[in-house]
Structure formats: C-alpha cells, structure tokens
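Residue numbers are given in my numbering: position 151 of the sequence shown equals residue 151, and the series is strictly consecutive.
All C-beta atoms, glycine included, are put in the ideal place defined by N, C-alpha and C.
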Amino acid sequence: MGPRTSEAELIYNNFVKRKSTGEQRVKDLTEVLERHQRMNRALFVGRVPTIVIEILQAIERAGIAEHFTVVGTHALYAYEAAAGVRVESAAVATRDVDLLWDTRKRFKLATQLKRIDSSMLALLRKVDKTFQLKDDQLYTAVNSKGFEIDILRREAVAQDPHPAKLTDAEEDFWVVQAPNAEKLVSARKFSSVVVGTTGHMARMNTVHPEAFVAFKRWLATQTARETLKRTRDLLQADTVEQMVNDYLPQLKVI
C-alpha cells in the first residue's frame with residue numbers, strides 16, 4: 001500500500017488497535033445479549049409472537065424501520081413493555097400485524113430497498129419463505145400458518161401516489177388506504193423494546209398511547225365495522241388509557 005514510512009505505520013497500527021477494540025466490544029455485547037435472551041426465556045418475560053419479533057428485526061437490519069409504524073392490536077405489546085405490566089389476553093388476540101407506511105418518505109424507502117436489491121415481500125420471505133400476497137388483497141401477505149401482514153397508508157392527499165406500490169418489483173405490496181390514518185401518520189411516535197416468547201428482543205415503533213386511544217375510540221363509532229371488532233376497539237382503548245393513567249403518567253399530555 002505504498003512505501004513504508006513512520007506515518008503509514010502509525011496509521012496501520014491505529015487501525016489494527018481500533019479494529020481489535022471494536023471486535024472485542026461486539027463479542028462482549030453479543031454475549032450479554034444472549035444471556036438476556038436466555039433469562040427472558042427462563043423467566044417467561046416475553047409473549048410477543050416470534051414471527052413479529054423476526055419481522056421487526058428484519059426491517060431494522062434492512063435500515064427501513066423509520067418508514068413503518070406498528071398500529072393496531074400489536075401496539076399494545078409496546079405499551080405494556082414500557083409500563084411493566086401484561087394486559088388481558090382478549091385485548092391482544094389477533095393473527096395479523098398492521099404496518100403503517102409513511103408515503104411522505106416513499107422515495108427514500110425505494111432507494112434503500114434498491115440499495116439492498118430487495119422488495120418488501122422479498123425481505124419478509126427471508127423471515128418466512130411461505131409469505132405470499134393474497135390474490136384479492138394485494139396489501140396483505142399471509143404465511144403457511146395463516147399469519148398476516150397488512151401494509152396500510154393514509155388516504156391520498158397532495159402529491160401522494162394512488163394507487164401505490166411499495167417498490168417497482170414485479171411482486172410486492174400494493175398499499176391500501178386506511179380511513180383517518182392521517183391521524184396516525186402525524187401523531188407523536190412511541191418506541192419500546194419488546195420481548196418474544198423465545199426471549200429474543202426487537203424495537204417496536206408505534207404511535208403515542210394517547211393517539212392510539214383516540215383512534216380506537218373513533219373506530220368504535222364506525223357502524224359499518226363489525227360489532228365484535230368495535231367491542232374490541234373499546235376494550236383496547238380503555239386498557240391503554242388505564243395503563244397510561246396508572247403506570248405511564250409521564251406520557252399524559254398536559
């Protein structure tokens with residue numbers, strides 16, 4: 001790499017030292033992480049479905065976590081993790097996860113996925129190769145066990161594309177418009193580390209609890225929505241509101 005000089009040797013030695021320090025740090029942190037995972041599993045700390053943890057980890061590794069917000073039932077796992085409690089099973093019973101896509105950053109997302117030569121569907125298939133888009137519902141992917149992933153967006157405004165596809169890949173999500181989702185897109189964000197049933201962890205990005213409560217109460221007033229879903233909407237709104245009052249008062253808007 002050029003003539004041997006004292007300056008070049010100093011640069012090389014500094015590089016080797018930083019590399020050694022970095023490798024040792026990664027090794028130590030990996031051991032700590034694995035120890036916490038074993039402890040989580042032994043103490044039955046987690047209950048987030050493994051598939052959800054793996055999806056969140058895959059999105060984070062791909063560098064696109066900022067583009068998606070977990071909304072709907074699974075957001076309760078982030079709130080209960082922050083509060084240090086567990087909500088009743090009826091409130092979190094679901095077989096699908098809703099990811100809200102921020103169309104305002106669509107060009108950045110496309111660039112990031114192109115950089116890793118992937119589509120959103122291809123990324124999910126690295127988690128579970130059985131994920132397929134539903135023929136009659138191209139905003140939903142379902143795996144062989146019936147677990148579904150829905151990708152939602154706000155109703156088209158201004159320069160939003162409509163209809164909207166996540167990438168130019170031949171097979172990828174066509175994102176569905178969700179009524180009143182602008183409220184969630186513009187809401188304050190909330191983030192918490194959640195724990196899966198295997199002890200593994202992931203960061204879940206969702207909306208502020210009070211935004212969740214307001215949206216769920218609105219959903220419960222929509223008469224076109226199934227009665228059972230409206231009942232659960234109210235249950236989830238009441239549950240999160242009580243959780244904030246009793247365990248997360250610092251999150252209350254004054």
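Q) What did DSSP end up calling T69 once you bin it into helix, strand or coil? A) strand
Q) Roughly how many angstroms separate the alpha carbons of D238 and A141, rounded to a whole number? A) 30 Å
Q) If you compare alpha carbons, which of S186, L124, R95 is closest to K145? A) R95
Q. Which runs of the alpha helix (DSSP H), 4 residues or longer, sit entirely within the region 109-165?
A. 120-127
Q: Using a threshold of 8 Å, state whether the C-beta atoms of T167 and L113 are closer than that.
A: yes
Q. Do the region 194-210 and the region 173-181 touch if we need at least three Cβ pairs shorter than 8 Å?
A. no
**Q.** Minimum C-alpha distance to L152 - residue among N143, A82, F173, A169
**A.** F173
Q: Using beta-carbon positions only, say whether A202 and V127 come within less than 8 Å of one another.
A: no
Q. Smallest Cα separation from V92: which of P49, N245, K19?
A. P49
Q. Which residues share a DSSP beta bridge with L99?
A. V70, I151
Q: Could you tell me which uninterrupted alpha helix (DSSP H) segments, each at least 4 residues in length, are contained entirely in the region 170-223, listed from first to last along the chain?
A: 182-185, 209-219
Q. Using the C-alpha atoms, what's the distance from V32 back to N14?
A. 27 Å
(Q) Just list the residues that DSSP pairs V92 with in beta bridges. (A) Paired residue(s): none; V92 is not in a bridge.
Q. CB A110 to CB F190, shorter than 8 Å?
A. no
Q. Between the region 244-253 and the region 219-231, are three or more C-beta pairs nearer than 8 Å?
A. no
Q) Nearest to T73 by alpha carbon, out of E148, H200, T198, Q159? A) E148
Q.
Assuming R61 is part of the alpha helix (DSSP H), what are its boundary residues?
A. 50-61
(Q) Beta-carbon within less than 8 Å of L76's beta-carbon, same chain only, minus the 5 sequence neighbours each way: which residues are those? (A) V87, A91, V92, Q236, T239, V240
Q: Please work out which residues of its chain come closer than 7 Å, Cβ to Cβ, to R104, disregarding the five sequence neighbours upstream and downstream, and give them in chain order.
A: none
Q. Does the region 52-66 touch the region 226-233, meaning 3 or more C-beta pairs lie closer than 8 Å?
A. no
Q. Is the beta carbon of T197 less than 8 Å from the beta carbon of G46?
A. yes
Q. Should H162 be labelled buried (16 or more other beta-carbon atoms within 10 Å of its own) or exposed?
A. exposed
Q | L124 versus D150, A214, G2, D102, residue with shortest Cα-Cα distance | A | D150
Q) Going straight from the alpha carbon of R188 to that of A169, what length do you get? A) 32 Å
**Q.** D246 in three-state terms, based on DSSP
**A.** helix
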